[in-house]
Amino acid sequence: MKKESITNVFSIMLIISGILSIIWWLLLGISQMAGGSGGSLSQLVQSSSWIPINIIGLVALLLLVMGLMRILFDDESNLGSFGFLGFIICIFGVVLFTSLQFDETFVWPLLAKYADSLLEIEGPMFTNPAFSAAYIIMGILYVLGFIFIAIQALRRDIFPKIPSILMIVGAPMFGAGLLVPSMVRTAGIILLGVSFAWIGFFKFKRAT
35 MKKESITNVF
45 SIMLIISGIL
55 SIIWWLLLGI
65 SQMAGGSGGS
75 LSQLVQSSSW
85 IPINIIGLVA
95 LLLLVMGLMR
105 ILFDDESNLG
115 SFGFLGFIIC
125 IFGVVLFTSL
135 QFDETFVWPL
145 LAKYADSLLE
155 IEGPMFTNPA
165 FSAAYIIMGI
175 LYVLGFIFIA
185 IQALRRDIFP
195 KIPSILMIVG
205 APMFGAGLLV
215 PSMVRTAGII
225 LLGVSFAWIG
235 FFKFKRAT
């Protein structure tokens, strides 16, 4: 398989990841509103729509891991040490996020059914120091990785300025997790999703 074909596949993955990320988060919000704003996390997780919706998010993240390789393939020299560091940090953050998304998709429904106290915000899982530390580290890696890549992209004109700016703004808004209101995270994932799709389309168009 030629390098051009491989990079085009990565570009398409990045485009689809951006679109699916937005769809996933909006559907999750709609599902939450349909269940009533007063519903607990355990009730939300046990809804019939939880697994299908979160599978969309899981697929989006898996495609993102591969789609990010498009940036590395033909921009390795332009990334420089700062950008390459950002790329490595970003991959670590996204892989950790993907692991968490797998748990949220398939493990949390079991917890909600058989050990629902674990899913309470003040329960033993969310208040566990190790879990909290891992969650915070994941968020920091996710946010810093995208910010570093976007800053280097602006400095070296790796891809258009607008998606770079969207990435810089959207990453901390979404990556802050439970520290910010859901509307802030929604705006963040929309900005990130648009930036992923934009960059993927830009790379695909430039290669064809």
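Using our numbering, read the sequence shown as starting at 35 and increasing by one per residue.
Yeah, the Cβ is synthetic: ideal placement off N, Cα and C, and Gly gets one too.
Classification of residue i by the beta-carbon crowding that lies within 10 angstroms, buried from 16 upward
i, result
"Lys147", "exposed"
"Arg189", "exposed"
"Val177", "buried"
"Leu144", "exposed"
"Arg104", "buried"
"Val141", "exposed"
"Asn88", "buried"
"Ser166", "exposed"
"Thr161", "exposed"
"Ile224", "buried"
"Ala94", "buried"
"Leu213", "exposed"
"Thr242", "exposed"
"Ile40", "exposed"
"Ile155", "exposed"
Given residue i as reference, the closest of the options once Cα atoms are compared
i, options, result
"Leu48", "Ser83, Ile85, Met100, Trp84", "Met100"
"Ile183", "Phe121, Ala168, Phe136", "Phe121"
"Ala187", "Met207, Ser115, Leu78", "Ser115"
"Phe230", "Ile174, Ile171, Leu54", "Leu54"
"Thr220", "Phe107, Ser45, Val43, Trp59", "Trp59"
"Gly204", "Ala210, Gly222, Val79, Met217", "Gly222"
"Asp9", "Trp232, Gln80, Ile170, Gln66", "The structure shown does not extend to residue 9, since the chain spans only 35 to 242, so no value can be given for it."
"Ile123", "Ile171, Glu154, Ala241, Ile155", "Ile171"
"Gln135", "Ile155, Gly117, Tyr169", "Tyr169"
"Phe118", "Ile57, Ile155, Phe180, Leu153", "Phe180"
Length of the line joining the Cα atoms of residue i and residue j
i, j, result
"Gly127", "Phe236", "24 Å"
"Thr139", "Trp84", "7 Å"
"Pro86", "Gln77", "16 Å"
"Leu243", "Gly91", "For residue 243 there is no data in the structure shown, the boundaries of the chain being 35 and 242."
"Ile196", "Gly234", "13 Å"
"Ser74", "Ser82", "15 Å"
"Ser45", "Met201", "17 Å"
"Val218", "Pro163", "25 Å"
"Val129", "Pro206", "17 Å"
"Leu102", "Pro194", "16 Å"
"Ala64", "Lys36", "Checking the sequence, you will find Ile at residue 64 rather than Ala. Approximately 42 Å, taken between the alpha carbons."
"Ile185", "Leu175", "15 Å"
"Leu153", "Gln66", "16 Å"
"Arg240", "Trp232", "12 Å"
"Asp137", "Pro158", "16 Å"
"Ser133", "Asn42", "26 Å"
"Ser216", "Ile56", "14 Å"
"Gly209", "Ala68", "25 Å"
"Ile125", "Phe131", "10 Å"
Cβ-Cβ separation, residue j to residue i (assumed contact under 8 Å), whole Å
i, j, result
"Ile192", "Asn112", "5 Å"
"Met173", "Gly211", "Before going further, note that residue 173 is Gly rather than Met in the sequence given. About 5 Å separates the two Cβ atoms, so the contact holds."
"Ser51", "Leu97", "4 Å"
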